[in-house]
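In full-length UniProt numbering, the protein residues as written are 1 to 325. Comments concern the structure below.
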């Protein structure tokens, strides 16, 4: 379908006055050929005009093709229909021939316009496919980097075989859970109604039968790309799993909230994830290595273009600045 790409490129390059100049040139060429071979085309008076109508419609759009059709009708009527060099209509055959040309050329123009639309849709679909492929490669690279981070955590614990085995088991379980969630979020319909319904459904599955109240305020979700919404969902899911493990399953909290809003003065979005549990110690103030869940959330925060920040105070409060495109 290389010809489809060439047609799309020509039509995109020639617009405005350039397209109209090319349209008139097509008509002039068809008229010149008709004059040059007038004796040959005497019995088929409109033959050279059909290609001009089709070419103008295909390359520049149906209005250009319609103009060529009208000019061709007038030219054929004036120079090639009896009485010559006149717009008089003395014979019924003249009217029939003109109407026949208008009907056939108009039908060709309709078909060509449909073909032009199909060509542009094919070209658009090709660009979308290329974009999605690049996006897929980017996501795979990010997820492989995340797996590497998980394995590095396990590597630090190699001196303690039991702890290393537990870390590897946790990493395997987390990778499998993220894989299933990632597959669901990228099935093409997960974000059909926006980020909030997808998050609410995901959190219901995460909390299951626990008595947890979920609060979502997502004012800036419309500025996120599909890739960013996926990273946000995976980060929130990981935070929810940590809240279940350290707070909700122990009866130490019952509220989980996610807020996404504009960050005043910075032109960015701010994601805030909170629970009312016992809270966690800031990694900046702790000598312990980051937990597996914390490393996962940090990795998704990096994908969003920011860094994971632990806000001191009651409960667990995590913040990430998101750089929108």
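Note that CB positions come from ideal geometry on N, CA and C, so glycine has one too. None of these values were measured; they are calculated from a predicted model.
- Task: Have a look at 66, 268, 209, 296 and flag the residue whose alpha-carbon is nearest the alpha-carbon of residue 231.
- Result: 296
- Query: Under a Cβ-count criterion, where at least 16 other Cβ atoms within 10 Å of its own Cβ denotes burial, should residue 228 be classed as buried or exposed?
  - Reply: buried
- Message: Going by DSSP, what residue range makes up the beta strand (DSSP E) through residue 213?
- Response: 213-218
- Task: Would you be able to state if there are at least three C-beta pairs under 8 Å between the region 83-91 and the region 27-39?
- Result: no
- Would you mind giving the Cβ-Cβ distance between residue 241 and residue 293, rounded to the nearest angstrom? I have them listed as a contact below 8 Å. 7 Å
- Buried versus exposed call for residue 225 [16 or more other C-beta atoms within 10 Å across all chains shown]: exposed
- Message: Less than 8 Å between C-beta atoms, sequence neighbours within five positions excluded: which residues of the same chain meet that for residue 221?
- Response: 194, 195, 196, 229, 260
- Give the DSSP-derived three-state secondary structure of residue 17 in the structure shown. helix
- Which value, in whole angstroms, describes the spacing of the CA atoms of residue 123 and residue 113? 15 Å
- Item | C-beta atoms of residue 255 and residue 223 nearer than 8 Å | no
- Item | Classification of residue 64 by the beta-carbon crowding that lies within 10 angstroms, buried from 16 upward | buried
- Message: Can you look up residue 225 in the DSSP assignment and give me helix, strand or coil?
- Response: coil
- Query: How would you write the range of the alpha helix (DSSP H) that residue 196 sits in, first residue to last?
  - Reply: 195-207
- Query: Are the CB atoms of residue 271 and residue 244 nearer to each other than 8 Å?
  - Reply: no
- Item | Assumed close pair residue 46, residue 101 - CB separation to whole angstroms, cut-off 8 Å | 5 Å
- Output the distance between the C-alpha atoms of residue 212 and residue 169, rounded to the nearest integer angstrom. 27 Å
- Task: Determine the contact status of residue 50 and residue 105, defining contact as a CB-CB distance below 8 Å.
- Result: yes
- Item | Contact set for residue 233: own chain, Cβ-Cβ below 7 Å, skip 5 residues either direction | 185, 198, 199, 202
- Does the distance from the CB of residue 69 to the CB of residue 109 come in under 8 Å? yes
- Taking the alpha-carbon positions, what's the residue 85 to residue 125 distance? 50 Å
- Message: If you reduce the DSSP assignment to three classes, tell me which class residue 250 lands in.
- Response: helix
- Item | residue 322 classed as buried or exposed, judged by whether at least 16 other C-beta atoms fall within 10 angstroms | buried
- Item | Distance between beta carbons of residue 318 and residue 273, contact taken as under 8 Å | 5 Å
- Can you tell which of 23, 33, 40 has its C-alpha closest to the C-alpha of residue 53? 23
- Item | Identity of the residue in 219, 301, 207 nearest residue 235 by Cα | 301
- residue 275 bridges to which residues according to DSSP? 256
- Message: Here's a check: name, in chain order, each residue in its chain whose Cβ is nearer than 7 Å to the Cβ of residue 280, leaving out the five neighbours to either side.
- Response: 310, 316
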